[in-house]
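>
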Amino acid sequence: MLNSKIVGTGHYVPDNVVKNKDLESVMETSDDWIVERTGIHERRHIVLGGEDTTSTMGTKAAKMALKNANLQPDDIDFIIFATLSPDYYFPGPGVLVQEQLGMKSEIGALDVRNQCSGFIYGLSVADQFIKTGMYTNVLVIGSEVHSGGLDMTTRGRGVSVIFGDGAGAVVMQAIDNNKTGVLSSHLHSEGKHAEELSLISPSTTDWVPNFIERNDPEDIRYYPYMNGNFVFKNAVVRFQQVIMEALNHNGYKPEEIDMLIPHQANLRISQFIQKQMNLPDSKIFNNIQKYGNTTAASIPIALSEAVAEGRIKEGDLLCLAAFGSGFTWAAALIRW
Ligand code: UT7
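All the letters of the sequence shown, read from the start, carry residue numbers 275 to 610 under our numbering.
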């Protein structure tokens, strides 16, 4: 039976490091507050107008993943790109990557809009295409540019100190063996909470001309909104539920996990899940301290770093889990 296996990982983050101290000069915040509530020490921001965009960072991460997989761009059969911060309103960045990688083949490119869960949703789609025999090599990318769209004033501090820019990618490949690779993926949503973590304008329900007509400087619906406490409380429940769902589906117990890579939403959330699952520090990977929350990019960046650091060995049971805007949440269990 065909299964899908991750055969290459890669990531890219912009050089520009923004430390908590740097934020103190533009808003009322403190290194102590940010570290205590989120675990974040610094994040990366692109230089506006520079060469880094959501698609170009995704392409850089993809090049590293292709190199590690020992493949050329034209070996890829399909591109999946997860982001909430595309270069353009449309088209999505998948087609831009197809061009930037210099692909001769006119393969399909799919854009995924599932925010923090976007990478696992994308991985799940790739897994299904591979398991049915439709594609052999699929590139899955998560990339975000948050920095240009954040309210970098005291008014926006509850959101803007958390998010950072970056990209991660994997190459998934068909293997004729169902003992390794993606064992299962589990996807969920609860749309009644759509606006608890959202950016609702400009959009087809509130076009730019409405803003111009209202001419109200306090109308800040073009900045992301997050009901932080409510999101936090839902996250800690949903993370545990979906991880247990993945384990139960495959007949495993929490202690059999070799490595858990949670979406890097907040270090306190990761630590809460670690405690709930009774996992030692060696079995969880966090890098939010360096990058902040990079939404769809956080899991593939963490995965790429964990692989590069030798934290994941052949045969390990790897669990990926995410929760975020939608609400959407998801998990994937992988035999490495
Ligand atoms: O990736 C998608 C999923 N996202 C998440 O899972 C994020 C979930 N939520 C969180 O991580 C946390 O709710 C936050 C880190 C966003 C906020 O932490 P909190 O402990 O929930 O703080 P809070 O929003 O309840 O705010 C507490 C106080 C408030 O002041 P008052 O009203 O008590 O005087 C805020 O105004 O902290 C204030 N505050 C800040 N102070 C300094 C909020 N942001 C900041 C800041 N610096 N950056």
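No residue lacks a Cβ here, since even glycine has one placed at the ideal position from N, Cα and C.
Using the beta-carbon count (16 or more within 10 Å), is S556 buried or exposed?
Against the sequence shown, residue 556 aligns to sequence position 282. Per the 10 Å Cβ criterion, exposed.
> Spatial neighbours of L461 within its chain, please: CB distance less than 7 Å, with the 5 preceding and 5 following residues excluded, ordered by chain position.
To locate residue 461, count along the sequence shown from 1; it is residue 187. Y395, S398, A604, listed in sequence order.
> Taking Q548 as part of the beta strand (DSSP E), name the residues at either end of that continuous run.
Looking up residue 548 in the sequence shown gives position 274. That residue, Q548, is in no beta strand (DSSP E); its alpha helix (DSSP H) goes 541 to 550.
> As an exercise, report each continuous alpha helix (DSSP H) stretch of at least 4 residues that is fully enclosed by the stretch 314 to 365, in chain order.
Counting whole runs of 4 or more residues, the stretch 314 to 365 contains the alpha helix (DSSP H) stretches 328 to 343.
> Among G332, I314, N552, Q402, which residue has its Cα nearest to the Cα of Q538?
In the sequence shown, residue 538 corresponds to position 264, counting from 1. It is I314.
> Kindly list the residues whose CB is nearer than 6 Å to the CB of K474, restricted to its own chain and excluding five residues on each side of it in sequence; keep chain order.
Sequence index remark: in the sequence shown, residue 474 carries index 200 (1-based). According to the sequence displayed, residue 474 carries Ile and not Lys. Same-chain partners within the cutoff: R495.
> Sorted by chain position, which residues of the same chain lie with C-beta nearer than 8 Å to E469's C-beta, five sequence neighbours on each side aside?
Position 195 of the sequence shown, counted from the first residue, corresponds to residue 469. Taken in chain order, the residues that qualify are Y499.
> By how many angstroms is the C-alpha of S359 removed from the C-alpha of L471?
As a working note, residue 471 is residue 197 in the sequence shown. As a working note, residue 359 is residue 85 in the sequence shown. Cα to Cα, the separation comes out at about 14 Å.
> So, using beta-carbon positions, are R609 and R311 closer together than 9 Å?
Reading the sequence shown from its first residue, position 335 is the one you call residue 609. Reading the sequence shown from its first residue, position 37 is the one you call residue 311. Not a contact, by the Cβ cut-off of 9 Å.
> Of the residues G366, G282, E373, which one's Cα is nearest the Cα of D385?
Here the question's residue 385 lines up with position 111 in the sequence shown. For the residues G366, G282, E373, the minimum Cα distance to D385 belongs to G366.
> Who are the Cβ neighbours of Q374 in its own chain at under 7 Å, not counting the five residues just before and after it?
One-based indexing of the sequence shown puts residue 374 at position 100. Around Q374: S329, T330, T333.
> Put F506 into one of helix, strand or coil per three-state DSSP.
Start at 1 with the first residue of the sequence shown, and residue 506 comes out as number 232. The answer is helix: DSSP assigns F506 an H, G or I state.
> With a 10 Å radius around its C-beta and 16 neighbouring C-beta atoms as the bar for buried, classify I354 as buried or exposed.
If you number the sequence shown from 1, residue 354 lands on position 80. The residue in question, I354, is buried, as its Cβ has 16 or more Cβ neighbours within 10 Å.
> Locate the beta strand (DSSP E) running through K293, then write down its first and last residues.
Start at 1 with the first residue of the sequence shown, and residue 293 comes out as number 19. That run of the beta strand (DSSP E) goes 291 to 293.
> Roughly how many angstroms separate the alpha carbons of W307 and N344, rounded to a whole number?
Working through the sequence shown from its first residue, we reach residue 307 at position 33. Working through the sequence shown from its first residue, we reach residue 344 at position 70. Whole-angstrom Cα-Cα distance: 44 Å.
> With distances taken between CB atoms, is the gap from V300 to A441 smaller than 9 Å?
Within the sequence shown, numbered from 1, the residue matching residue 300 stands at position 26. Within the sequence shown, numbered from 1, the residue matching residue 441 stands at position 167. It is not a contact, given that the beta carbons lie outside the stated cut-off.
> Mapping DSSP to helix, strand and coil, what is V511?
Within the sequence shown, the letter at position 237 stands for residue 511. The answer is helix: DSSP assigns V511 an H, G or I state.
> Which residue wins for smallest C-alpha separation from D532, given the options A356, A448, R585, P491?
As a working mapping, residue 532 is identified with position 258 in the sequence shown. Closest option to D532, Cα to Cα, is R585.
> Following the continuous beta strand (DSSP E) through V581, name the residue where it begins and the one where it ends.
Translated into positions along the sequence shown, residue 581 becomes position 307. Element bounds for V581: not the beta strand (DSSP E) but the alpha helix (DSSP H), 572 to 582.
> Quick check on DSSP: helix, strand or coil for V369?
Indexing the sequence shown from 1 puts residue 369 at position 95. Three-state result, V369: helix.
> In the DSSP assignment, what residue or residues form a beta bridge with Y395?
Sequence index remark: in the sequence shown, residue 395 carries index 121 (1-based). Paired residue(s): none; Y395 is not in a bridge.
> Can you name, in chain order, every residue of its own chain whose Cβ lies under 8 Å from the Cβ of K527, other than the five neighbours on each side?
For the purposes of this step, residue 527 is taken as the residue at position 253 of the sequence shown. L521, listed in sequence order.
> Mind the definition here: the stretch 414 to 423 touches the stretch 564 to 578 only if three or more C-beta pairs lie below 8 Å; say whether that holds.
Cβ pair count under 8 Å is three or more, so yes.
> DSSP on P481, reduced to helix/strand/coil?
By 1-based counting over the sequence shown, the position of residue 481 is 207. Checking the displayed sequence, the identity of residue 481 turns out to be Trp instead of Pro. If DSSP states are grouped into helix, strand and coil, W481 belongs with coil.
> Buried or exposed: where does Y362 fall if 16 or more other Cβ atoms within 10 Å of its Cβ makes it buried?
If you number the sequence shown from 1, residue 362 lands on position 88. Exposed: under 16 other Cβ atoms inside 10 Å.
> Are three or more beta carbon pairs between the stretch 571 to 579 and the stretch 420 to 432 nearer than 8 Å?
No, because fewer than three Cβ pairs between the stretch 571 to 579 and the stretch 420 to 432 fall closer than 8 Å, the two stretches do not touch.
> Look up G376 in the DSSP assignment and say whether it is helix, strand or coil.
By one-based count along the sequence shown, residue 376 stands at place 102. Coil, per DSSP.
> To which residues does DSSP link D296 through a beta bridge?
By one-based count along the sequence shown, residue 296 stands at place 22. Its beta-bridge partners do not exist; DSSP assigns none.
> How about T303: is its Cβ closer than 8 Å to a heavy atom in the ligand UT7?
For the purposes of this step, residue 303 is identified with residue 29 of the sequence shown, where counting begins at 1. Yes, the Cβ of T303 comes within 8 Å of a heavy atom of the ligand UT7.
> Alpha carbons only, please: which of E464, L340, K587 is nearest the one belonging to G455?
Reading the sequence shown from its first residue, position 181 is the one you call residue 455. Comparing Cα-Cα distances from G455 to each of E464, L340, K587, the minimum goes to K587.
> Hey, could you find the ends of the beta strand (DSSP E) T602 is sitting in?
Working through the sequence shown from its first residue, we reach residue 602 at position 328. 602 to 609 is the extent of the beta strand (DSSP E) around T602.
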